[in-house]
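Asker:
2 protein chains.
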Amino acid sequence: MIKQAVIGVLCSLAILTFGILIGHYGITEINSPAPSWVSDVMKDVDESLIEKFLSEVDNIKIQENLRELTKVPHMATTAGDEQTVQFMLKRWQDPETGLDQAWREEYMVYLSFPDPKNPNKVTVVSPSDTVLHTAREKEKPYTADQEDPAVVQPYAAYSPAGHPKGKLVYANQGKPSDYQHLNQTVDLRGTIAITRYGGAGRADKAINAAPYGVIGVLVYTDPLDINDGFMSDVDETYPHSWYMPPSGVERGSFKNLYGDPLTPYLAAKEETYRIPVKNITGIPPIPIQPIGFEDAYILICELGGMKAPAEWQGAFNCTYNFGGPGFKNTSAFKNSDVKLDIYNYEEVKNSSNVMGVIRGSVEPDRYVIYGNHRDSWVHGAIDPSSGTSVMLEMTRVLGQMVKQGKWRPRRSIIFGSWGAEEFGLIGSAEYTEQYFTKLSERTVAYINVDIAVFANATLRASGMPSVQNVVFTAAKQVKAPGLDSTSVYDNWIQYTNRTSPAYGLIPRMGYLSGAGSDYAAFVHYLGITSMDFSYTYDRTKTNARIYPAYHTAYDTFDYASKFIDPGFFSHQAIARTAGNVLIRLADSLVLPLNCSDYAETLESYFFMAVNLYEDQLKAKNISMEPLKHAVASFRSAATHLDQVIRSSDLRNETPLKVRRINDQLMLLDRAFLNPLAFPDKYAYRHVIWASSNAGEPTFPGLADAYANAESSGQSSDWDKVHYHLSVLSQAIGGAADTLVDVI
Amino acid sequence: MIKQAVIGVLCSLAILTFGILIGHYGITEINSPAPSWVSDVMKDVDESLIEKFLSEVDNIKIQENLRELTKVPHMATTAGDEQTVQFMLKRWQDPETGLDQAWREEYMVYLSFPDPKNPNKVTVVSPSDTVLHTAREKEKPYTADQEDPAVVQPYAAYSPAGHPKGKLVYANQGKPSDYQHLNQTVDLRGTIAITRYGGAGRADKAINAAPYGVIGVLVYTDPLDINDGFMSDVDETYPHSWYMPPSGVERGSFKNLYGDPLTPYLAAKEETYRIPVKNITGIPPIPIQPIGFEDAYILICELGGMKAPAEWQGAFNCTYNFGGPGFKNTSAFKNSDVKLDIYNYEEVKNSSNVMGVIRGSVEPDRYVIYGNHRDSWVHGAIDPSSGTSVMLEMTRVLGQMVKQGKWRPRRSIIFGSWGAEEFGLIGSAEYTEQYFTKLSERTVAYINVDIAVFANATLRASGMPSVQNVVFTAAKQVKAPGLDSTSVYDNWIQYTNRTSPAYGLIPRMGYLSGAGSDYAAFVHYLGITSMDFSYTYDRTKTNARIYPAYHTAYDTFDYASKFIDPGFFSHQAIARTAGNVLIRLADSLVLPLNCSDYAETLESYFFMAVNLYEDQLKAKNISMEPLKHAVASFRSAATHLDQVIRSSDLRNETPLKVRRINDQLMLLDRAFLNPLAFPDKYAYRHVIWASSNAGEPTFPGLADAYANAESSGQSSDWDKVHYHLSVLSQAIGGAADTLVDVI
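Here the protein sequences come in this chain order: X and V.
Residue numbers are given in the working numbering: position 422 of the first sequence equals residue 445, and the series is strictly consecutive.
Residue numbers are given in the working numbering: position 186 of the second sequence equals residue 209, and the series is strictly consecutive.
1) For ASP388/V, report the span of its beta strand (DSSP E) as first-last.
2) Any idea what DSSP makes of GLN124/X, helix, strand or coil?
3) Determine the DSSP secondary structure at PRO488/X, reduced to helix, strand or coil.
4) Identify the contact partners of ILE249/X in chain V, using a Cβ-Cβ distance below 7 Å as the criterion.
5) Going by the DSSP bridge assignment, what does THR146/X pair with across the sheet?
6) If you scan the stretch 411-463 of chain V from start to end, which runs of the alpha helix (DSSP H) of 4 or more residues do you find wholly inside it?
7) Okay, do the stretch 120-134 of chain V and the stretch 278-292 of chain V touch, 3+ Cβ pairs below 8 Å being the bar?
8) Beta-carbon within less than 7 Å of THR4/V's beta-carbon, same chain only, minus the 5 sequence neighbours each way: which residues are those?
9) Would PRO172/V be called buried (16 or more neighbouring beta carbons within 10 Å of its own) or exposed?
10) Taking DSSP as the reference, what is the three-state secondary structure of PRO246/X?
11) Who are the near neighbours of TYR548/X in its chain, counting only those whose CB is closer than 7 Å to its CB and skipping five residues on each side?
12) Along the chain, which unbroken stretches of the alpha helix (DSSP H) at least 4 residues long are found entirely within the stretch 666-740 of chain X?
13) Determine the extent of the beta strand (DSSP E) in which ARG219/V is found, giving its start and end residues.
14) Taking C-alpha atoms, which residue in PHE586/X, VAL413/X, ILE470/X, ASP638/X lies nearest to GLU91/X?
15) Based on the DSSP output, what are the partners of ARG521/X in its beta bridges?
16) Taking the beta strand (DSSP E) that LYS372/X belongs to, which residues open and close that run?
17) VAL467/V to GLY422/V, Cα distance in whole Å?
18) Since ARG559/V sits in a beta bridge, which residues does DSSP pair it with?
19) In chain X, what lies closer than 7 Å to TYR288/V by C-beta?
20) Since GLU294/X meets chain V, which of its residues come closer than 7 Å, beta carbon to beta carbon?
21) Between the stretch 740-756 of chain X and the stretch 300-318 of chain V, do three or more beta carbon pairs fall short of 8 Å?
22) Report yes or no: is there a C-beta of chain X within less than 7 Å of the C-beta of ASP672/V?
23) Can you tell me whether PHE657/X is buried or exposed, with buried defined as 16 or more other CB within 10 angstroms of its CB?
24) Here's the rule I'm using: 16 or more other beta-carbon atoms within 10 Å means buried, otherwise exposed. How should ILE238/X be labelled?
25) Would you decide whether GLU52/X is buried or exposed? Buried here means 16 or more other CB atoms lie within 10 Å of its CB.
26) Can you give the beta carbon distance from SER440/X to ASN395/X, rounded, assuming they're within the 8 Å contact cut?
27) What are the boundary residues of the alpha helix (DSSP H) that ASN617/V is part of?
28) Decide if the stretch 384-393 of chain V is in contact with the stretch 417-434 of chain V; the criterion is three or more beta carbon pairs, one per stretch, under 8 Å apart.
29) Do we get a CB-CB distance below 7 Å when we pair GLU52/V with the residues of chain X?
30) Along chain V, in chain order, which residues have C-beta atoms closer than 7 Å to that of ARG397/X?
31) Please classify MET329/X: is it buried, with 16 or more other beta-carbons within 10 angstroms of its beta-carbon, or exposed?
32) Would you check if the distance between the CB atom of THR93/X and the CB atom of ALA404/X is smaller than 7 Å?
33) Can you tell me the Cα-Cα spacing of THR120/X and MET424/X, whole angstroms?
34) Excluding the five sequence neighbours on either side, which residues of its own chain have a C-beta within less than 7 Å of the C-beta of GLN196/V, listed in chain order?
35) Is GLU129/X helix, strand or coil by DSSP?
36) Identify the contact partners of ALA57/V in chain X, using a Cβ-Cβ distance below 8 Å as the criterion.
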């Protein structure tokens, strides 16, 4: 019996095993097992990983990054710049915390420098050629690093060299209207104009002046515009506060177009064709030099002539006069000229971008790009090293997760440390010119963090409307610096908000319509969905145009850690917010880009355009119907696509379906590009976000063309309005066509 | 025992069943079954389906299509055109054999017509104003359909109206060199020039003339160029053969730029901005009119003046003289003028494209587009209805397979029946302008079949080098018409071949560098990989420029079925070859586009450029190194991508991998676009295939810029050579960058 039982059990086991084998292998022939990649391709963003990222971003490490990056001045192409290149490479190539790969890319670009052996001079010269006053050549040092011989003399990059001498006049901000006004009572021929920063672009202060016969321009920062009126370094300004000391001077690029000026639309490689220097546009035609307000004070308060209008008056305790031209008869400078001795020279130099990547696991051919420039004017603790410190901390945390095998993003992430931004966004522009096709085809989004922290009050976020939602999601998950129970989002909405037709009260995001930082080429030339983040001011507490040490020798680690972000908690909040957005863009199954939010902006632009222009356009027989129709098509296509996304079970359908939807979302901004939309500035190709002079919250090309036609009254200019209206309507219609069902 | 045995068996069965259940459901938890879409996304082209397609393409059905399409003349926007629109729609909407969807799209385009109430006239007028000769107004009818009142009078579309009268001169082909030569001995001011077709574009014969003071131009087809010298309709020409009868006149568009002339780069919708008519470029500035060679004979043989050079002589049995200007003193026309009375008028009219689609099953967002124009000058049996008949037979076979549920392509197929091609590729150009972004992003390839059959000798195929391989594959599977044991491929290689470094002796494919048919906007404006097919001549048997009834009233069903393709076997071969390529592009897992074959062409262009230009460029300090480097990068990237494709087991990897590779292949031609490459003709954006005047088998922009600089000798023109060399090198380098590993 036992034997039989044993045999019975063995037989039963054998039969059972046989059954299991049949069940497993026999039937799976019909219903084959899922290949291992099936679960990979369906993975979505992992919230626990985001939490891990947020918790690991370390404010102290950001501080240490900043200390390292600001040891020496690192103006583009200098030895200090090379030191930062090496530092970035070392960090991104670190075997424990680095990226998959990192390398440098060089461009030979046209830069402008002062001559250390012949410093630029600004003097007051009497009729008998006696020098009565000499403006300070370098800023007054308060700390050892400000004495570094590598601190570049304040200058206006791309100002021509020259030695103009003439009577001084005060031209307010150097806007066209300023010179026009001044010219009504003062003969500007042969004069030197002193202007204050603000109101007009740097180069424009000289470009606007030249037609009136002005031969040289000075520019300074009025304490009214930067220091809330404070002027004394004895107890008021830096080193006692964040305010600009009297000798502080804002340096800058005095060049309007972005990118290398000699190789427009081409990457500046060694043998690339370079246009003749004389053909460069958008740079000062006459010498221009920035000075500190302590010198400006001496010059302006001595000016003769009529009193300038109230809105031209600054913070000095004297009346701002136009200039006779020249100084008052009661002044020691009576009959004296102001003389500029500008020795700037131009040079084609090698500038480096440092690039690093984390390869995507599922869609390596989709790129999320994160960038920040590396070059500064002096030590650049805030501009740009606050952003670089943040980027390095972000790459440390992400790099470590990759190296430890804990994470690999679905899509590839490219980090760019751009060179020569201060000279006009050159490194990022050359990068986009070199890789135009590849980047256009594959880039999901570009995230820019230049100056990470202006101040500690609130988030500032700008970008295409389609990123609003992912920015909100990220901002809700990050604690506001210094406020443990308030999120960045909840804090932000208190400072700057709007009422959206779709969502009610929400934080107000800005748009990227200018060329203020390295997002410009991505937005305007490539049509890539972009965004820009920083922490910024409470506008009720200061009127400063920007943080007061901007582009001065005082933008040092000391300044940043004492006056901008003690404890580096705002830096940390930016790293967390931008990093959260980055991970979501890289990892989400469905791209977190919302086309209906884009529709909301297009509608608001459209309604504004109708209000501003429709009556007059009707009178000119130009119909806005095609634009109306296009915006309505866009809205309905966006609603439809949203509905497709909501109603699809994308994790259980072919991965080619989610890819298809993602391609629609990714490429949306590309549809707004038209290289012929702005015939005078081809690098601006995005018809929704191009820069505009009209200052209206509506379509920029339409606004500018309309303003131009209205002012000239010529029918050929009304034709240009009609042309642009067609370009715009067809771009929006074309964008709508990309959102409807693909066939 | 039996009971025990039964129990034992039942127990065993129960255990077995239990085992099977465990094996199937218990273990599949770990190894879940493959979702149903897995096998779908991995499907490749089905060769048996291609065989089925080939066998079902019916020559008799093509013939019946042609009979239907050619019942009445169907010039763009006429009632006959509308009849063909309705016919296409009916066929494509047929529930048994139609497509998934078909619809029409309309554009309001600027066309030019003769006035039926005031026919254009060409007369010889004596000094006393007696009309001594009047050219025939309409072609002589031989069949009833040629008598149709809808047969449009021969005219030069876009010639201005006008009534020039002057002495006649003979200007050969109306090339710049022809007028230059003629002007050396004849004062051309106030003359009428008679020219023959060929050598220069239609409009150029007038554009080139005007600067010399010529006031009107005639154009005719010399029997030497079209009829192998035959001239008599008594026994030689149609209706006795395919040759052009003496009264035959080639109509045509006398406009150089493609697309609607009033809305460049914009879709011609109702409210679209239209440029002023005076701003249209590339049309005749002076009246021009085509005439038959029977009238040309009468005019030319009476001309006085010096004997024209040998290469200006045609087939007439008289000496071709320059003209005194004017006629011989011995002629009855002595001292007479030639007068043109041109009453052409322009009108903005609605032209329709008919569109149809088959939706893709796996990648509906990838389009293979197949197009053919629908409008003709008269009955257009060959141009374009041979192509339309082929397209309709193709859609019948494919549509039926779809409707019967036997097939659905992996990718979407779009069929386009373009309108107003004869006026300058207008329908296809407007389509690409309207859907620019969508088509740029998603189109795998464009296949054009315009005139399907010129003659019965051999295949003619043109396209980007990357399609060579799939064209060869298809051509090998189709029998050559009339040759049961020879393939289209084997027949083709006998007629036109070349030795490829990679493959040895192969058929020679042409390039699509001009704007000869509707592929132009796809190639030059969108950078879409394109191809064009037809069956054509044995060049040893005829010197005809083109089939002799081209654009005449003789291009009828009678002509096509008697003289071009009796039995319609060549039509069938084209339908089979083009359809085979179409199915492969739509169904292949990996797109059948070969980037290494592109590299071969770039190398050959490069070597030619080095031979032609390098020495002289060196002397101008312009280096060809960047171009050399770019071409080498392209070759190595192409080799690498080929290797990735060969070494991957793509049917068993994530479908996102094959999609990635396919995107690289699909978008390759887009990388060659640069809207600033040809500043004078923005619609030409493809730096490899733009049209060129230089006539060298090398990069067109380089060749033209070089020729221009060499002829002017100006350093600014050498700068343009350098500029274009940079554009070209960076485009090729950028293309290479899209072929290397994606990150």
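Heads up, the beta-carbon is just placed ideally off N, CA and C, and yes, glycines get one too.
Answerer: Reading from the atomic positions:
1) 386-396
2) strand
3) helix
4) Here the premise fails: no neighbours, minimum Cβ distance about 40 Å.
5) THR157/X, LYS362/X
6) 449-457
7) yes
8) Outside the displayed span of chain V (24 to 766) sits residue 4/V, for which this structure offers no information.
9) exposed
10) helix
11) THR455, ALA706, ARG708
12) 678-689, 723-735
13) 215-219
14) VAL413/X
15) ILE529/X
16) 368-381
17) 20 Å
18) Note on residue identity: the sequence assigns Thr, not Arg, to residue 559/V. According to DSSP, THR559/V bridges with THR481/V.
19) LEU699
20) SER646, GLU648, PRO649
21) no
22) no
23) buried
24) buried
25) Confidence at GLU52/X is low in this model, with a pLDDT of 45, below 50, so the placement of that residue is unreliable and no value is reported for it.
26) 6 Å
27) Looking at the DSSP string, ASN617/V is not in any alpha helix (DSSP H), and its letter there is neither H nor E.
28) yes
29) Low local confidence applies: a pLDDT of 45 at GLU52/V is under 50, so the model's placement there is unreliable, with the coordinate-based value given in what follows. Closer than 7 Å: no.
30) Chain V residues near ARG397/X: none, gap ~22 Å exceeds 7 Å.
31) exposed
32) yes
33) 8 Å
34) THR218, ARG219, GLY221, GLY222, ALA223
35) strand
36) ASN54, SER55, PRO56, ALA57, PRO58, VAL61
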